[in-house]
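Worksheet for the structure shown next.
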Amino acid sequence: MSTDPPTSYSPAKVEAKWQETWEKQGTNRFTQDDLRAPDRPYYNLMMFPYPSAEGLHVGNIYAFTGADVHGRFRRLTGHTVFEPIGFDAFGIHSENFALKQGIHPMDLIPSNVANFTRQLRRIGGMFDWDHMVDTTDPAYYRWTQWIFIQLFKAGLAERKEAPVNWCPSCMTVLSNEQVIAGACERCDTPVEQRTIAQWFFKITKYAAKLLDNLAHLDWSDSTKKAQVNWIGRSEGALLRFPILPPGGVAAGVDDAMTVAADALPTDTDQISVFTTRPDTVFGATYMVLSPEHPLVDEVTAPEQADAIREYSEVAAKMDLVARQKTEKAKTGVFTGGYCLNPATGEPIPIWIADYVLMGYGTGAIMAVPGHDQRDFEFASTYGLTIRRVVAAPGEDADTPLDEAYQGDGSLVKSEHFDGIPVADAKPAIVDWLAGRKLAEAKVNFRIHDWCISRQRYWGPPIPIIYCEDCGTVPVPEEDLPVVLPRVEDFKPDDSGVSPLARVEEWYRTKCPECGAVARRETDVSDTFLDSSWYFLRYPSTDSDDKPMDEDITRTWLPVDCYIGGNEHAVLHLLYARFITMALHDMGHVDFEEPFVRFRAHGLIIREGAKMSKSKGNVVIPDQIIEQYGADTLRIYLMFLGPFEEGGDYRDEGIQGPHGFLHRLWDTVINAEDGTPDPDVERKLHQTIAQVTAQIPTLQYNTAIAALMEYLNSVRAGGRTAVRAEVEPLVVLTAPFAPHIAEELWSRLGKDGTIFGQNWPEHDPEKAKESSVEVAVQVNGKLRGTVRGPAGMSQEMAEELARKEENVARYLDEGTVTRAIYVPNRLLNFVVGSADA
RNA sequence: GCCGGGGUGGCGAAAUCGGUAAACGCAGGGGACUUAAAAUCCCCCGGGCUUAGGCCCUUGCGGGUUCAACUCCCGCCCCCGGCACCA
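Under the working numbering, the first residue of the first sequence is numbered 63, with each subsequent residue one higher.
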C-alpha cells in the first residue's frame with residue numbers, strides 16, 4: 063500500500079489531482095515523434111461540438127464519455143489511442159446569437175471555446191489538447207479554403223443560379239429548417255423564394271460511389287439506411303416526347319398517328335422525362351412541366367400566356383417548403399401546347415403544375431393518371447383522360463379505377479405489349495423506344511449538388527476573385543487564407559448579398575492573373591464544409607505548410623472508430639465521405655472512405671421528456687460534477703441504457719453509481735493481502751469475460767451492471783476484500799471512471815498511469831462453475847430445479863429430477879413420452895395424459 | 001405516406017443461435033448496527049389465489065409454429081426519431 067492514509071472518497075480532490083497529473087505528464091498528448099512511430103495506432107474520433115454560449119450539454123457529455131470509454135479501453139488493451147477534440151464554431155447559430163446579444167462573434171466564440179475547454183477537461187476525456195482544431199482559426203480555415211480551390215480546379219465546384227428562401231422582414235436567406243409552415247421561424251413573416259447565384263459542389267458525381275461503398279462500411283445500420291434513402295437511387299428511363307408545333311393539333315389526331323407510324327421526328331424539340339414506369343407509357347395522357355421548366359415559354363400558346371405567367375409567379379413566390387406540402391390540393395394550368403406520346407403517337411396536352419419539381423429528374427413528367435396517385439388526383443381535378451394500361455389478375459382494360467392502380471399486373475391497351483407482366487414490359491418498352499431514339503435506360507439519383515454559399519458573415523470567405531477580363535479566378539494558394547475581416551456591422555440586409563459586400567476595402571482587390579482591379583467573392587462557405595475534413599487535420603495540426611502530413615496521415619487514417627449523433631447521419635457524414643473521395647481522386651489521400659467504423663449514440667431525455675431550454679429541464683453538468691464528481695456522472699450516463707439507444711436521465715438514479723464508487727473506494731482501500739476466495743475468483747473471471755466482450759460493442763450499461771454485481775459479491779456479508787480480488791476490478795472500472803481508478807491504482811502501490819497495458823485476462827478454467835442448477839419442466843411448465851455437477855448427463859439430471867416431490871407428482875399423471883435436455887440449463891419432460 | 005428505432009414490474013432497464021422473465025440500479029417496506037443521523041450489511045418488493053406444500057396469470061393487442069416464444073412467423077395498435085408530391 064502507498065503511504066497515503068486511508069481517507070474517504072473525495073471525487074473533487076481525486077479528479078483535480080489526476081487531471082493535473084495527466085496534464086503535467088502529457089499522458090494523453092502526442093509529440094510529432096509519437097505521431098510518427100506509434101505502436102498499434104488507433105484513431106478514436108467523436109463529433110466535435112459547436113461551442114454554444116450555454117456550455118456543454120449533457121447530450122454532448124454523453125456522446126464524449128461513450129467515445130472516451132471506448133478509447134480508454136483500446137488503450138488499456140495495448141493500442142496507442144489518438145483522441146482529439148475541437149470546435150465547430152462557424153455558422154449561422156453563432157452569428158444569430160451574436161446579433162441577438164450584441165456581441166461580436168470574434169469576441170463571443172473565444173469565450174465560449176474557453177468555457178467548453180474547461181468543461182471538457184473536467185469530464186476527464188483522454189483528449190490530446192496539443193492537436194485541437196478550431197474551425198474559425200485562420201490557420202484552420204486557410205485549408206478549408208484550400209480544399210475549395212482543389213475542388214474548383216478539379217471541376218467539382220461550379221457557380222449557378224438557385225432558388226433560396228428569403229424572409230423579407232429579417233432580410234435574410236433562410237435554410238429550409240428555418241421555414242416553419244411557410245413562415246420565418248423568427249418573425250413569422252411569409253417567406254419568399256429568390257434566385258441567387260451560388261457555389262455548388264458536384265457531389266452528385268459521386269452518388270453511385272457514395273452508395274456502393276456503403277456496403278463495405280462497418281457503420282450503424284440505421285445510418286447506412288438513412289444515407290441510402292438520401293442518395294435515393296432509382297432505376298428507370300428517360301423518355302422523349304416530341305413537341306408538336308403550334309397548330310399541329312388542328313390538323314387532327316389522324317395525322318399525328320400517321321407520323322407515329324413512320325419514325326417520329328427526332329430533330330424537333332423534345333421534352334425529356336424521367337420515369338420509373340416506362341411500362342405505363344401507353345397510359346401517359348398528358349404531360350406536366352414544372353413552372354420553372356425552361357421549355358414553358360416555348361410550348362405556351364399565346365392565348366394561355368397570361369394564365370401561365372400568373373401561375374408561375376404565384377408558384378415562384380411560394381417558399382420551397384410550403385410548395386412541397388403533400389396535403390395541398392393539386393393545381394396547374396394548361397399551356398395550350400401539345401406533344402406526342404412516343405408510344406401511341408397521340409398528341410397529349412402539356413400542363414404546368416407545382417407538384418412537379420424542377421429539382422428532380424428533368425423537371426417534367428409524363429402523367430399516367432391510371433397508375434400514379436398524384437397524376438390521378440390532378441387528372442380528376444381537371445377532367446383529363448384516365449386510362450388503364452395495367453391490369454391485375456382478374457381485371458381487364460375496362461375494370462374501372464377509383465384511384466391509381468400502382469400494383470403489379472400485366473399490360474393492357476398497350477398494343478403488342480399487351481399481356482406482358484410489368485417487370486418484363488419495362489425493359490421491353492425502353493428497348494422498343496430506344497430503337498427510335500426516344501428512350502434510354504437511366505439511373506436517377508435524388509441527391510442534389512451541395513450548395514456551399516452562404517450570404518452571411520460568420521464563415522470562411524469563399525476564395526474566389528472575379529475579374530472583368532479573366533473571369534472567375536481562384537485565390538492563389540500562397541495567398542491563403544483569405545481572412546475574414548472584423549466587421550462591426552455584420553447584419554444581413556435587404557440586398558440578399560453577404561454583409562462582406564458592404565466592405566469595399568475588403569472585396570476590392572487585384573486580379574491574381576492580370577493585376578486589374580477585381581472583386582472578391584463576398585459569400586462565405588457552409589459550416590458543413592468546415593466539418594467535412596477536420597478529422598484529416600487533427601493529426602497534422604503541427605504542420606503549418608500543408609493541410610495533411612503524408613506520413614502521419616497514412617499512419618493514422620482512416621479513422622478507426624467514429625462516434626456521433628444520428629442527426630448527422632446524412633449531411634455531415636455524406637459530405638465528409640464526398641470530400642475524402644474527392645481528395646483521394648486528386649491524390650491527396652490514399653483512402654476513399656474516412657471512417658472505418660461509425661456508431662450512432664442514442665439521445666438522453668430527462669424524466670421521460672425531451673430536454674430543452676424552454677422547458678427548463680436541462681441537466682447542468684457542472685452542478686452534477688460538483689456534487690457527485692465526473693466519474694459518477696460518467697458511470698451514471700453510461701448506465702442509463704444501451705449507448706446506441708440513449709436513456710432517461712432521472713435525478714435520483716445517480717445515487718446508484720455514486721454509491722458504487724464509494725463502495726469501490728472503501729473496498730479497495732481496506733483490501734488485505736491473501737488468497738482470493740474461490741467463489742469470488744470465479745465471479746471475477748466471469749466478470750472480466752463479460753466486460754471485455756461488452757465494451758467493444760458499446761454495451762456499457764450491462765458491463766457496468768456486471769462490475770456492480772462483482773463488487774457486491776466481493777463485499778457480500780460485509781467481508782473484507784483480498785487485494786487480488788479487487789486489483790483487476792479497478793482496471794475494469796478505469797474506462798468508465800478514470801480518475802478514481804488512477805487513484806486506487808496508485809494506492810494499491812502501482813507505478814505510473816493505470817492506462818498502460820493493464821487489462822486483465824480472463825481464464826476460462828477459473829470462470830467455470832462446478833455445479834449448476836437445472837430447471838425441471840413438465841410439459842413446459844416449471845415444476846422445480848435440481849442442482850448437480852456442471853455438465854452432468856441427461857440420465858443423472860432425470861434421476862435427480864424424479865426425486866423432486868413436486869416433479870414426481872406431475873410425472874405420475876401420465877407417461878413420459880420424451881424428455882428434452884439442455885445441458886446445464888433445463889430438463890423438460892413431455893408427459894402424455896394417462897387416459898390417452 | 002415512406003424509412004429507422006422502440007413498447008417487459010412503481011421507475012431506468014436485463015434476458016433475443018427459442019430454454020428458470022424481471023440481472024443491475026432507483027424509489028418503497030422491514031431488520032441489524034448507532035444516543036441519533038449518514039454510511040454499511042441482511043431480508044422483502046409484477047398481479048391473483050393458498051393453512052402449508054404450492055397453484056394460476058403476466059413481456060402493447062389478436063392469431064400461428066414449437067416439448068418450450070419477450071425471442072420466430074402472420075395480422076393489427078401505440079410511442080419516438082428522420083424523410084416527405086422524388087415521377
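Virtual Cβ for every residue (Gly too), placed ideally from N, Cα, C.
Check, Outcome
"On a Cα-Cα basis, can you pick out the residue from G148, T206 and Q207 that is closest to L182?", "G148"
"Residues in its own chain within less than 6 Å of E805 by CB, not counting five upstream and five downstream?", "V76"
"Quick test of the definition: if touching needs 3 or more C-beta pairs under 8 Å, does the region 445 to 455 touch the region 472 to 490?", "yes"
"Only counting the same chain, and skipping five residues up and downstream in sequence, which positions put a Cβ closer than 7 Å to that of I509?", "I265, T266, A269, W292, I293 and G294"
"Please name the residue, chosen from F344, L862, L306 and G664, that lies closest to Q332 on a Cα-to-Cα basis.", "L306"
"Between which two residues does the alpha helix (DSSP H) carrying S808 extend?", "P800 to R809"
"Would you kindly report the start and end of the unbroken beta strand (DSSP E) that includes V395?", "G394 to L402"
"Give me, in chain order, the residues of the same chain whose beta-carbon lies closer than 7 Å to that of T764; leave out the 5 immediate sequence neighbours on both sides.", "Q756"
"Spell out the partners DSSP gives T877 in its beta bridges.", "G894"
"Got a sec: does the ligand FAD put a non-hydrogen atom nearer than 7 Å to the Cβ of I757?", "For the structure depicted, the ligand FAD is absent and the ligand set is empty, with no information on it obtainable."
"Once DSSP output is grouped into helix, strand and coil, what is the label at M643?", "helix"
"Within 10 angstroms of the Cβ of I614, are there 16 or more other Cβ atoms? Answer buried if so, exposed if not.", "buried"
"According to DSSP, which residues form a beta bridge with A518?", "At residue 518 the sequence reads Arg, which differs from the Ala that was named. Its beta-bridge partners do not exist; DSSP assigns none."
"Going by DSSP, what residue range makes up the alpha helix (DSSP H) through E365?", "It is not in any alpha helix (DSSP H) - E365 carries neither H nor E in the DSSP assignment."
"Grab me the residues of G850's own chain with a C-beta within less than 7 Å of its C-beta, minus the 5 sequence neighbours each way, in chain order.", "S833, V834, V836, M858, A859 and L862"
"Starting from the Cα of F92, find the closest Cα among K392, L665, H193 and F152 and give me that residue.", "H193"
"I'd like to confirm the pairing. Which residues does DSSP put opposite D280 in its beta bridges?", "R659"
"Would you kindly work out how many angstroms separate the C-alpha atoms of M319 and D493, rounded to a whole number?", "Note that M319 scores a pLDDT of 46, beneath 50, so its modelled location is shaky and nothing firm can be said."
"Within the same chain, show all residues whose beta-carbon is closer than 7 Å to that of T795, passing over the 5 residues directly before and after it, in chain order.", "L726, L769 and A803"
"Using a Cβ distance threshold of 8 Å, determine whether the region 575 to 589 contacts the region 622 to 635, with at least three qualifying pairs required.", "no"
"Tell me which same chain residues have a C-beta within less than 6 Å of the C-beta of R229, skipping the five on either side of it?", "Reading off the sequence, residue 229 comes out as Cys, not Arg. For C229, where only same-chain residues beyond five positions count, the Cβ hits under 6 Å are L236, C246, T251 and V253."
"Counting only runs that start and end within the region 741 to 810, where is the alpha helix (DSSP H) found for 4 or more residues in a row?", "762 to 777, 785 to 795 and 800 to 809"
"State buried or exposed for V315, treating a residue as buried only when at least 16 other CB atoms are found within 10 Å of its CB.", "Because the pLDDT of V315 is 44, which lies under 50, any placement of that residue in the model is unreliable, and the number read from its coordinates should be weighed accordingly. Burial call: exposed."
"Which stretch, first to last residue, makes up the beta strand (DSSP E) that contains E835?", "S833 to V840"
"Using DSSP with H/G/I as helix, E/B as strand and the rest coil, what is S587?", "strand"
"May I ask you to report which of helix, strand or coil DSSP gives Q255?", "strand"
"For the pair the region 102 to 116 and the region 601 to 621, tell me if three or more CB-CB distances fall below 8 Å.", "yes"
"Please state the DSSP three-state secondary structure of G708.", "strand"
"Measuring CB atoms only, is the region 546 to 560 touching the region 495 to 507, in the sense that at least three cross pairs come out at less than 8 Å?", "no"
"Can E831 and R744 be called in contact, C-beta distance under 8 Å?", "yes"
"What three-state label does DSSP hand S674 in the structure shown?", "coil"
"Taking the alpha-carbon positions, what's the H720 to V632 distance?", "38 Å"
"What span of residues does the beta strand (DSSP E) with K504 cover, start to end?", "A501 to F507"
"Return helix, strand or coil for M700, following the three-state DSSP convention.", "helix"
"For I410, collect the residues of the same chain with a Cβ closer than 7 Å to its Cβ; drop the 5 residues on either side in sequence, then sort them by chain order.", "A346, T347, Y348, M349, Y400, C401 and N403"
"Since I641 and A580 should fall inside the 8 Å C-beta cutoff, what is the C-beta to C-beta distance between them, to a whole number of angstroms?", "Not confirmed; about 28 Å, so no contact."
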